[in-house]
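J.: Sharing a structure, written as structure tokens. Questions coming.
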RNA sequence: GCCCCCAUCGUCUAGAGGCCUAGGACGCCACCCUUUCAAGGUGGAGAUCAGGGGUUCGAAUCCCCUUGGGGGCACCA
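Quick look at the structure:
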């Protein structure tokens, strides 16, 4: 049978790094083995689920290039795949039917315990240093007793009988795992008193209905797997294979969380990380090719990926390494592509008031040779060359004076440089034409070229670190260079 | 508290009994290149392979124990 895998996010928050990685691994596995990648929305938590988050998650997965073969309808696009709907709140009847079946088989029973009773049980167990578990108060209720409680107006939640014994399975990544049913915490609730189904139940009903063959998910579900296996069996369905991925960790090695790390894919996108880098980085967080290659495009990842090579230990998310990889990928982008991707960031700079005008594609293209290898992220564009698109720059008199120079020398240097630059003229205002006269000037006056260049750099950009000076002067244009040097001379202390 | 999982440089990792006086990458430090900043190049510091027992002629690699870390035990997902 061909392999069927899925990503089943819950729209209770923006697309999370961990969800993205799980989606990626499922996607890589599906594509590698020629299987089917399914997207299912688990929105049964009505309180926390929103359509905004739903859209955010879908957009994020698309952005990453993780396209699914089967999934829910979105924005007018019909659902894809033979198992629609792919949104759990639209599948309520199937959970209801499954619940009725388990009830009829007495594999599940209504539980009328109140939250207070349950809470009291829990406290007592905690005090006795016992693991929390459902005590089974409603497990043996007779039909009459149930009827009496219903007559009292009490609505029962539905609990699944876990029974006893050992549940074992062969995890694709971890090997054989055996868990005693006695450690599951007793009979667990599968349907709330209000009739809405719970995660452990819906996930199994759907995985069964959608014919999933491999369930690839985070290690945090490892301990829950026996519950799922029990449910698959109770439902009379074949149990899929499981693969539990190592967790992505905060620097303190706890499960990656919003509180301690940046977890929203949106934020990475907004900062100018590109999909190739994020995908490449995430793929290598918990898996490796076994070789020393690390810059790998998606098609290459698909070709090399094997679920059996996934690591067992958790991996700390290292933003520095992601940034390095992002730089690697930015350098590999085609000019037109880079220009397109830079545009939203230039617009954002404008909106934020950090630049006054958005440059044309041609302007940006001319800059590419000197900025492409200097961008760790797309968002760094403003910081790098934003001085090009503002009318004036603030020049700090202190930094304007090179370390080995004093104000008078700087004044003389800038004045002489202005003259030399002016002499180059408009027509030949190019890097190759500007450099010789300025070097000659430095030599003639006995200045270190670096000092003279630094004074000019600060005068025209307001900063000490910029792309190569002559390219910068050309990008600025003759008029502005001359004007900015004039202004700089004015701010110099007397 | 109970159950489960995990354990190689600070971090991501290579390593599936001898090729390991443990390799690569990020980060860090030098140097080279160089007008600054990057990029690139070269070199360096950095892991007694968590510790202890076995098995074996031989163990980072296999087994056991200990320790440490993590995850799970909801009418959340």
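Numbering (my numbering), first residue to last: 4 to 497.
Built from N, CA and C at the ideal position, the CB exists for glycine as well.
Just so we're clear, the structure is a prediction, and the values are computed from it rather than from any experiment.
1) Measuring CB to CB, does residue 381 end up less than 7 Å from residue 432?
2) By the 10 Å Cβ neighbour count, where 16 or more other Cβ atoms means buried, how is residue 334 classified, buried or exposed?
3) What residues match up with residue 80 in a beta bridge as DSSP calls it?
4) Return yes when the Cβ of residue 320 is within less than 7 Å of the Cβ of residue 251, no when it is not.
5) Which of helix, strand or coil does DSSP assign to residue 267?
6) Excluding the 5 residues preceding and the 5 following residue 66 in the sequence, name in chain order all residues of the same chain whose CB lies nearer than 8 Å to its CB.
7) Taking 7 Å as the cut-off, decide whether the C-beta atoms of residue 84 and residue 73 are in contact.
8) Return helix, strand or coil for residue 240, following the three-state DSSP convention.
9) Can you give me the start and stop residues for the alpha helix (DSSP H) that residue 104 sits inside?
10) For residue 169, count neighbouring Cβ atoms within 10 angstroms of its own Cβ and tell me buried if that reaches 16, exposed if not.
11) One question on the structure: do residue 102 and residue 161 come within less than 7 Å of each other, judged by their Cβ atoms?
12) Any idea what DSSP makes of residue 119, helix, strand or coil?
13) Can you give me the Cβ contacts of residue 287 inside the same chain, cut-off strictly under 7 Å, excluding the 5 residues immediately before and after it?
14) When you compare only the Cα positions, how much space is there between residue 152 and residue 116?
15) When the distance is taken between beta carbons, is residue 390 closer than 7 Å to residue 35?
16) Roughly how many whole angstroms lie between the Cα atoms of residue 163 and residue 193?
17) Does DSSP put residue 251 in a helix, a strand or coil?
18) How close, in whole Å, do the beta carbons of residue 495 and residue 405 come, if the pair is a contact with beta carbons under 8 Å?
19) Consult DSSP for residue 456 and reduce its assignment to one of helix, strand or coil.
20) Who are the near neighbours of residue 439 in its chain, counting only those whose CB is closer than 7 Å to its CB and skipping five residues on each side?
21) Under 6 Å Cβ to Cβ from residue 231, same chain only, skipping five residues before and after it: list those, please.
22) Give every residue of the same chain whose Cβ lies closer than 7 Å to the Cβ of residue 94, excluding the five residues on either side of it in the sequence, and list them in chain order.
23) Check for me: the alpha helix (DSSP H) holding residue 345 runs from which residue to which?
24) If we count Cβ pairs, one from each stretch, closer than 8 Å, do we get three or more for the segment 173–193 versus the segment 245–263?
25) Rounded to the nearest angstrom, how far is the Cβ of residue 467 from that of residue 402, given a contact under 8 Å?
26) Are residue 45 and residue 11 closer than 7 Å when you measure CB to CB?
27) Among the candidates 383, 340, 369 and 317, whose CA atom is the shortest distance from the CA of residue 326?
28) Tell me where the beta strand (DSSP E) around residue 376 begins and ends.
29) Pick out whichever of 338, 356, 387 and 385 has its Cα sitting closest to the Cα of residue 365.
30) Could you check where the alpha helix (DSSP H) with residue 202 kicks off and where it finishes?
31) According to DSSP, is residue 137 part of a helix, a strand, or is it coil?
32) Helix, strand or coil, according to DSSP, for residue 157 in the structure here?
T.: Walking through what the data contain:
1) As a working note, residue 381 is residue 378 in the first chain. As a working note, residue 432 is residue 429 in the first chain. Going by C-beta atoms, residue 381 is not nearer than 7 Å to residue 432.
2) By one-based count along the first chain, residue 334 stands at place 331. Classification for residue 334: exposed.
3) Sequence index remark: in the first chain, residue 80 carries index 77 (1-based). In the DSSP output, where bridge partners are listed per residue, residue 80 has 77.
4) Along the first chain, read from residue 1 onward, the residue named residue 251 stands at position 248. Along the first chain, read from residue 1 onward, the residue named residue 320 stands at position 317. Contact: yes.
5) In the first chain, counting from the first residue as 1, residue 267 sits at position 264. Here residue 267 sits in strand by DSSP.
6) Residue 66 sits at position 63 when you count from the first residue of the first chain. Once the five neighbours on either side are set aside, the close Cβ partners of residue 66 are 268, 272 and 278.
7) Residue mapping note: residue 84 aligns to position 81 of the first chain, counting from 1. Residue mapping note: residue 73 aligns to position 70 of the first chain, counting from 1. Yes, the pair counts as a contact, with Cβ atoms nearer than the cut-off.
8) Within the first chain, the letter at position 237 stands for residue 240. It is coil, neither helix nor strand.
9) To locate residue 104, count along the first chain from 1; it is residue 101. From DSSP, the alpha helix (DSSP H) with residue 104 extends over 95–107.
10) Residue numbering aside, residue 169 sits at position 166 when the first chain is read from its first letter. Exposed: under 16 other Cβ atoms inside 10 Å.
11) As a first step, residue 102 is located in the first chain; it is residue number 99 there, counting from the start. As a first step, residue 161 is located in the first chain; it is residue number 158 there, counting from the start. Contact flag set, yes.
12) Looking up residue 119 in the first chain gives position 116. In this structure, residue 119 counts as helix in the three-state DSSP scheme.
13) To locate residue 287, count along the first chain from 1; it is residue 284. The answer, listed in chain order, is 297.
14) Within the first chain, the letter at position 149 stands for residue 152. Within the first chain, the letter at position 113 stands for residue 116. Those two C-alpha atoms are separated by around 10 Å.
15) As a working note, residue 35 is residue 32 in the first chain. As a working note, residue 390 is residue 387 in the first chain. Not in contact: residue 35 and residue 390 (Cβ atoms no closer than 7 Å).
16) Counted from its first residue, the first chain places residue 163 at position 160. Counted from its first residue, the first chain places residue 193 at position 190. Straight-line Cα distance between these residues: approximately 6 Å.
17) Stepping through the first chain from its first residue, residue 251 is reached at position 248. In the displayed model, residue 251 falls within a strand according to three-state DSSP.
18) Along the first chain, one-based indexing puts residue 495 at 492. Along the first chain, one-based indexing puts residue 405 at 402. Incorrect: roughly 12 Å between the Cβ atoms, too far for contact.
19) Counting from 1 along the first chain, the entry for residue 456 is found at position 453. Here residue 456 sits in helix by DSSP.
20) Numbered from its first residue, the first chain carries residue 439 at position 436. For residue 439, where only same-chain residues beyond five positions count, there are no Cβ hits under 7 Å.
21) Translated into the one-based positions of the first chain, residue 231 becomes position 228. 207, listed in sequence order.
22) Indexing the first chain from 1 puts residue 94 at position 91. The residues are 88 and 209.
23) Reading the first chain from its first residue, position 342 is the one you call residue 345. From DSSP, the alpha helix (DSSP H) with residue 345 extends over 338–354.
24) yes
25) Indexing the first chain from 1 puts residue 467 at position 464. Indexing the first chain from 1 puts residue 402 at position 399. About 6 Å separates the two Cβ atoms, so the contact holds.
26) In the first chain, residue 45 corresponds to position 42, counting from 1. In the first chain, residue 11 corresponds to position 8, counting from 1. Yes, these two residues count as a Cβ contact at 7 Å.
27) The residue given as residue 326 occupies position 323 in the first chain. Looking at the Cα atoms, 383 is the closest of the given residues.
28) Start at 1 with the first residue of the first chain, and residue 376 comes out as number 373. It is not in any beta strand (DSSP E) - residue 376 carries neither H nor E in the DSSP assignment.
29) One-based indexing of the first chain puts residue 365 at position 362. Ranking the options by Cα distance to residue 365, first place goes to 338.
30) Position 199 of the first chain holds residue 202. It spans 202–212 - the alpha helix (DSSP H) in which residue 202 sits, taken as one unbroken run.
31) Mapped onto the first chain, residue 137 falls at position 134. For residue 137, the three-state secondary structure derived from DSSP is coil.
32) Position 154 of the first chain holds residue 157. In this structure, residue 157 counts as coil in the three-state DSSP scheme.
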